[in-house]
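K.L.:
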Amino acid sequence: MGSRIEHRGEFTGALADVFTAVSGEQAVQARLAALGGDEGKLLSYTADGDSVHFELQHGINAARLPQAVRTLHKGDIIVRRTQTWQRSGESYTGRTDVGVSGVPGEIGAQTSLTQEGEQTVFRTTGEVVVRIPLVGGRIEEFVAQQVTNLLRREDEFTAQWLAEHP
21 MGSRIEHRGE
31 FTGALADVFT
41 AVSGEQAVQA
51 RLAALGGDEG
61 KLLSYTADGD
71 SVHFELQHGI
81 NAARLPQAVR
91 TLHKGDIIVR
101 RTQTWQRSGE
111 SYTGRTDVGV
121 SGVPGEIGAQ
131 TSLTQEGEQT
141 VFRTTGEVVV
151 RIPLVGGRIE
161 EFVAQQVTNL
171 LRREDEFTAQ
181 WLAEHP
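Our numbering puts the first residue of the sequence shown at 21, with every later residue one more than the last.
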């Protein structure tokens with residue numbers, strides 16, 4: 021059993037505007053440049069009507085990793101993140117899948133964007149699974165916390181993007 025990820029972000033603005041700030045190519049590239057770490061890249065991007073699919077690469081320098089992780093993984097970590105979005109009635113639903121170089125495990129999450137009154141709510145519910153005997157649970161907890169921190173920083177970026185791109 022993995023470690024759960026639960027996150028909720030709230031934005032002032034219409035659902036369509038928040039969707040563009042979360043999944044539009046220009047916004048994705050700007051967010052990646054600001055938060056993608058070392059070796060951040062947009063590997064692919066496809067938009068077709070109300071559906072979007074993109075793949076990102078994030079890099080984490082080995083020096084910034086906790087000692088327990090550096091003991092198990094030598095060198096920098098490359099994270100590949102695939103995100104899909106599609107219109108679902110009056111909301112958007114999505115899926116995020118993440119793989120980490122050299123780590124036997126994955127991160128998977130369901131995402132949604134819904135309009136709730138004057139707010140648009142971005143929900144992420146997922147799980148981190150690391151298949152390393154004895155220490156996998158500790159690594160899962162660390163990774164889940166890092167993912168939650170990244171989601172908070174992405175929310176801050178999205179709110180700023182919305183303010184600067186009315």
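A virtual CB, placed ideally from N, CA and C, is assigned to each residue, including glycine.
1. Should Leu52 go down as buried or exposed, given a rule of 16 or more other Cβ atoms within 10 Å for buried?
2. Please report the distance separating the alpha-carbon of Gly122 from that of Ile98.
3. Could you spell out the range, first to last residue, of the alpha helix (DSSP H) harbouring Glu161?
4. Return helix, strand or coil for Arg100, following the three-state DSSP convention.
5. Check whether the segment 71–79 touches the segment 140–154, counting contact only when three or more Cβ pairs, one atom from each stretch, lie closer than 8 Å.
6. Pull up the DSSP beta-bridge partners for Ile127, would you.
7. Taking only the alpha-carbon atoms, compute the straight-line gap between Arg143 and Pro153 and give it to the nearest angstrom.
8. Residue range of the beta strand (DSSP E) that Ala34 falls in?
9. DSSP state of Glu138, grouped into three classes?
10. With which residues is Arg84 paired in a DSSP beta bridge?
11. Using three-state DSSP, classify Glu26 as helix, strand or coil.
12. Pick from Ser23, Met21, Lys94, Phe31: whose alpha carbon is nearest that of Thr134?
P.N.:
With the given structure in hand:
1. Buried.
2. In a straight line, the C-alpha of Gly122 is about 9 Å away from that of Ile98.
3. For Glu161, the enclosing alpha helix (DSSP H) stretches over residues 156–184.
4. Secondary structure at Arg100: strand, using DSSP grouped into helix, strand and coil.
5. No: the two stretches stay apart, fewer than three of their Cβ pairs being nearer than 8 Å.
6. Ile127 pairs with Val118, Val148.
7. The alpha-carbon atoms of Arg143 and Pro153 are separated by roughly 31 Å.
8. Neither: Ala34 is in no beta strand (DSSP E) and is coded neither H nor E.
9. Three-state result, Glu138: coil.
10. Paired residues: none, contrary to the question.
11. Correct three-state label for Glu26: strand.
12. The shortest C-alpha separation from Thr134 is found at Phe31.
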